[in-house]
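Novice:
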Amino acid sequence: MDLSRIQGTKWRLVSYRKISFCLIYKVNVSKCKDLDTLICDNNALTNINVSNNYKLTRLECRRNQLTELDVPYHSYLHQLYCSDNQIKILDLTSLSGLEILHCYNNELDALYLGYYNSELHDVRCQNNNLPLVDISCNPLLVSLYNNETLSDGYT
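Residue numbers for the sequence shown follow this note's numbering, so the first one is 91 and each next one is one higher.
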């Protein structure tokens, strides 16, 4: 699905669920510079490129076939929902505005949160392969779901 020709101010793309038993395997939003919300849950996407979508505030890409997700330097991204994929490493250290992260039911071996994620208050990362989740730079965190206890799985 090539949506790169659609341009406008603050429009939202909602591509949700199977449409007439047809799964979406590819989506191109590279030229949609004003895109603020992308919802592409329940498809067969193996890659999502949002590197040009700097105004993106919400990304929902649950229940796809993603093995990686790259969201570099998106200071406006507040909500990221990428659960139920096959993502192995998630580096979110550059997302300064991130408030909500749901990345459960993946194959995560590493989840990188950092100093710039100081607005983060809800993290759900259960059912992964995470040996450790470092939340030491997340003072606003009030909700954390993981398979480990607070004393065993977090720093």
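Note that the Cβ used here is the ideal one computed from N, Cα and C, for glycine as well. Source: prediction; values computed, not measured.
Keeping to the same chain, check which residues put their C-beta closer than 6 Å to that of residue 196; ignore five residues upstream and five downstream.
Specialist: 175, 177, 218
Novice: Count the other CB atoms within 10 Å of the CB of residue 230; is the residue buried (16 or more) or exposed (fewer)?
Specialist: exposed
Novice: Please list the terminal residues of the continuous beta strand (DSSP E) segment that includes residue 148.
Specialist: 148-150
Novice: Based on the DSSP secondary-structure assignment, which residues constitute the bridge partners of residue 192?
Specialist: DSSP lists 171, 214 as partners of residue 192.
Novice: Can you name the residues that DSSP bridges to residue 207?
Specialist: Per DSSP, none; premise fails for residue 207.
Novice: From residue 149 to residue 237, what does the alpha carbon distance come to, in whole angstroms?
Specialist: C-alpha separation (whole angstroms): 24 Å.
Novice: Going by the beta-carbon positions, is the gap between residue 136 and residue 157 smaller than 8 Å?
Specialist: yes
Novice: Kindly list the residues whose CB is nearer than 7 Å to the CB of residue 163, restricted to its own chain and excluding five residues on each side of it in sequence; keep chain order.
Specialist: 184
Novice: By alpha-carbon positions, which one of 232, 115, 212 ends up nearest to residue 153?
Specialist: 115
Novice: Measure from the alpha carbon of residue 143 to the alpha carbon of each residue in 167, 159, 151, 130, then state which is nearest.
Specialist: Here the closest residue by C-alpha is 167.
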